[in-house]
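Peer 1: Structure provided below as structure tokens; questions to follow.
Number of protein chains: 2
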Amino acid sequence: MPDNSKSQQKTAEKDLSAQIAQAIRDAILSGDLVADDRLPSEAELSDTYGVSRPTVREALKRLAAQSLIRTKRGASGGAFVHRLSYPEAYSQLATTATLLLSLNEVDFATACRARFALERGCAPLSAQNRSVDHLAAMRAEITRQSQPGLSDEAFCASDVAFHRALVDGASNPVLSWHLAGAVEGMQPLMNMITFRNRDRAEIVALHIRITDALEARDAALIDQFLNALCTVTLRQAEASEALHAQKNSGAPI
Amino acid sequence: MPDNSKSQQKTAEKDLSAQIAQAIRDAILSGDLVADDRLPSEAELSDTYGVSRPTVREALKRLAAQSLIRTKRGASGGAFVHRLSYPEAYSQLATTATLLLSLNEVDFATACRARFALERGCAPLSAQNRSVDHLAAMRAEITRQSQPGLSDEAFCASDVAFHRALVDGASNPVLSWHLAGAVEGMQPLMNMITFRNRDRAEIVALHIRITDALEARDAALIDQFLNALCTVTLRQAEASEALHAQKNSGAPI
DNA sequence: TCCCCATAAATGTCAGACAATTAAATCGTG
DNA sequence: CACGATTTAATTGTCTGACATTTATGGGGA
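Here the protein sequences line up with chains A and B, keeping their order. For what it's worth, the working numbering labels the leading residue of the first sequence as 1, then goes sequentially. For what it's worth, the working numbering labels the leading residue of the second sequence as 1001, then goes sequentially.
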């Protein structure tokens, strides 16, 4: 009764390697396979699923690309269920975020509002849990940002580091992970903005106020200044955009 | 001077397929390849990089697993740079989040605080942008949650839908993406909690208040109730944990 | 006892072939 | 000349078999 082979059904019309990868992925996500468990060897898997070894290997590479497994060569080697580390998770999130924003026509304002909304959510926890180290890190970045003649790139990097320290103040790695991804993913969009000296001064001034508010553990004040920072950033992006549009329409021909 | 082949350097000691995947990934992320661009055929790639076709295929499967490319068979087929859709990005984020939490010994409290911190960040935007549709969706979920005899699973699902509607109210797809991933990733941890009837009533009551506050566009009130909801959830998780611990220590033997 | 080396197991890589699919070119016919 | 059916070519999907490389393990010799 069950039509075994041909299957004009739409159940799983994908590649064999994709099907096998999905099967193993399900086993991992459901907990059937736990961290550091060893998967069967490629030869055994190809036997189990009735496919050739290259096909199994393609499936394993798919899983490796998602950091679900890691492989080791040699005797007692093989594929093992991988315990995802925070740096790896951070990197994956950043990649996904970058793609989502850059390939998907997300405008800067939307991404920017999202980023500041998330960051404002961190403020109360950060006010509660921040240590002097976080304050020191933020003030160090403020000093760097204040240097004249800093490249836009360096200014942006320092800005990221400042906000990262602010978020890390919440002492919640999951929160840091989300925010790091959001900020990192925005970098390509952020790099299209040109910060004039006057704009930088405005930003640095707000950074100082935010740091002071964090030192005083005043969440409401942080929230307010972050909001102001969001507004300022949006305004500058708009100005920068207008500048580019002008350059692109006026200069040529 | 540049030792070309053997390379005892640590520059790129990885697999060939990983190196090739990285090269193509960089080309995509840097914008050299844009959405819907066609990559060279597998034969051309294997020629370009001086490796065999199976190796190239493994590299392409890695990229396909990250939704960076999609492939099509037949003449004029090939690998194309893929425009990541929100549902795909959402699915990837959820997978990463689930792995990060479940395989990495993240305790429920940390994940829960992160989730509510992010959600509180959405509150102001949601209060500003929510439509009547969002309110209706939330009230519909409240009705469902209030039904007696609902399974824990169904209750959780409704809870997720409620919060999703709340976040969608911000009308910011990037924000929705982040929150959806955070909430979805927490599901396995959430499912370990048993909600007693009294607890459910408490949660539903807060949901009602949150919806009312959203209708009134009162961001501060939403924030306050979300905070309360976080506290309640944490308390219930603690109680549930204690219950499990008791079961695991008392029942056996 | 300790060190060196052969062995085996596993992944990494290659080469070549065939199957399946799909778009486009070709050809035949009205 | 136009239009539809057929052939063709290009490309991915899969298989087979082989060899290279890495690494733990065990045995033999100093």
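Glycine is no exception: its CB is placed at the ideal position from the N, C-alpha and C atoms.
1. Identify the contact partners of ASN104/A in chain B, using a Cβ-Cβ distance below 7 Å as the criterion.
2. Taking 7 Å as the threshold (C-beta atoms), are TRP1177/B and ALA1117/B in contact?
3. Just how far apart, CA to CA, sit ARG280/A and LEU125/A?
4. Determine whether the Cβ of ALA239/A lies closer than 7 Å to any Cβ atom of chain B.
5. Sorted by chain position, which residues of the same chain lie with C-beta nearer than 8 Å to VAL1204/B's C-beta, five sequence neighbours on each side aside?
6. Taking only three categories from DSSP, how would you classify VAL81/A?
7. Taking CB distances under 7 Å as the criterion, tell me whether VAL1174/B reaches chain A.
8. Which residues in the same chain have their Cβ closer than 6 Å to the Cβ of LEU16/A, if we skip the five residues on either side of it in sequence?
9. For GLN1092/B, count the other beta carbons within 10 Å of its own beta carbon; 16 or more makes it buried, fewer makes it exposed. Which is it?
10. Could you pull the DSSP bridge partners for ARG38/A from this structure?
11. State yes or no: is the C-beta of SER158/A within less than 7 Å of the C-beta of ILE193/A?
12. What are the boundary residues of the alpha helix (DSSP H) that includes ILE1193/B?
13. Mark GLU1058/B as exposed unless 16 or more other C-beta atoms lie within 10 angstroms of its C-beta, in which case mark it buried.
14. Is there at least one Cβ from chain A nearer than 7 Å to PRO1087/B's Cβ?
15. Provide the residue span of the alpha helix (DSSP H) that contains LYS61/A, from first to last.
16. Here's the rule: buried if 16 or more other CB atoms are within 10 angstroms of the residue's CB, otherwise exposed. What is VAL132/A?
17. List the residues of chain A whose Cβ lies closer than 8 Å to the Cβ of SER1017/B, in chain order.
18. Starting from ARG1139/B, follow the alpha helix (DSSP H) in both directions and report where the run begins and ends.
19. Determine the contact status of LEU135/A and GLU215/A, defining contact as a CB-CB distance below 7 Å.
20. For ALA111/A, which residues from the same chain have a beta carbon less than 7 Å from its beta carbon, with the 5 sequence-adjacent residues on both sides left out?
21. Hey, HIS82/A and ARG73/A: beta-carbon distance below 7 Å or not?
22. Skipping 5 residues on each side, what residues in its chain have a beta carbon closer than 8 Å to that of ASP1037/B?
23. Please go through the same chain and pick out, in chain order, the residues whose beta-carbon is closer than 6 Å to the beta-carbon of PHE108/A, but skip the five residues on each side of it.
24. Kindly list the residues whose CB is nearer than 7 Å to the CB of ILE28/A, restricted to its own chain and excluding five residues on each side of it in sequence; keep chain order.
25. Could one say the Cβ of CYS156/A lies closer than 7 Å to chain B's Cβ atoms, at least one of them?
26. Measuring from the CB of GLN92/A, is there a heavy atom of the ligand SAM at a distance below 6 Å?
27. Rounded C-beta distance between GLY169/A and ASN129/A? I'm assuming under 8 Å.
28. Is it true that the CB of ILE1222/B sits closer than 7 Å to the CB of ALA1123/B?
29. Measuring alpha carbon to alpha carbon, tell me which of ARG25/A, LEU60/A and GLY31/A ends up nearest SER41/A.
30. Name the chain A residues that come within less than 9 Å of LEU1029/B, Cβ to Cβ?
31. With distances taken Cα to Cα, identify the nearest neighbour of ARG1062/B among ALA1219/B, ARG1113/B and ARG1025/B.
32. So ARG1025/B is in the alpha helix (DSSP H); what residue range does that whole segment cover?
33. So that I know if they touch, is there some Cβ in chain B lying closer than 7 Å to that of GLY169/A?
34. By how many angstroms is the C-alpha of ASP1218/B removed from the C-alpha of THR1211/B?
Peer 2: Result, derived from the coordinates:
1. ARG1083 and LEU1084
2. no
3. Examination of residue 280/A is not possible in this model, given that chain A is present from 1 through 253 alone.
4. no
5. ILE1142, GLN1145 and SER1146
6. strand
7. yes
8. VAL51 and THR55
9. In this structure GLN1092/B is buried. Its beta-carbon is surrounded by 16 or more other beta-carbon atoms within 10 angstroms.
10. PHE80/A
11. For SER158/A and ILE193/A, no; Cβs fall outside 7 Å.
12. Per DSSP, ILE1193/B lies in no alpha helix (DSSP H) and is assigned neither H nor E.
13. GLU1058/B comes out buried.
14. no
15. 53-65
16. Under this definition VAL132/A is an exposed residue.
17. LYS61
18. 1132-1146
19. Yes, they are a contact pair.
20. LEU101, MET186 and LEU189
21. no
22. PHE1080 and VAL1081
23. LEU189 and ALA237
24. LEU68 and VAL81
25. It does not; no Cβ of chain B falls within 7 Å.
26. Inclusion of the ligand SAM in the displayed structure is not the case, the ligand content being empty and no account of it being possible.
27. Contact flag correct, Cβ pair sits at about 6 Å.
28. yes
29. LEU60/A
30. THR95, THR98, LEU99, SER102 and PRO188
31. ARG1025/B
32. 1016-1029
33. no
34. Spanning the alpha carbons of THR1211/B and ASP1218/B requires a straight line of approximately 10 Å.
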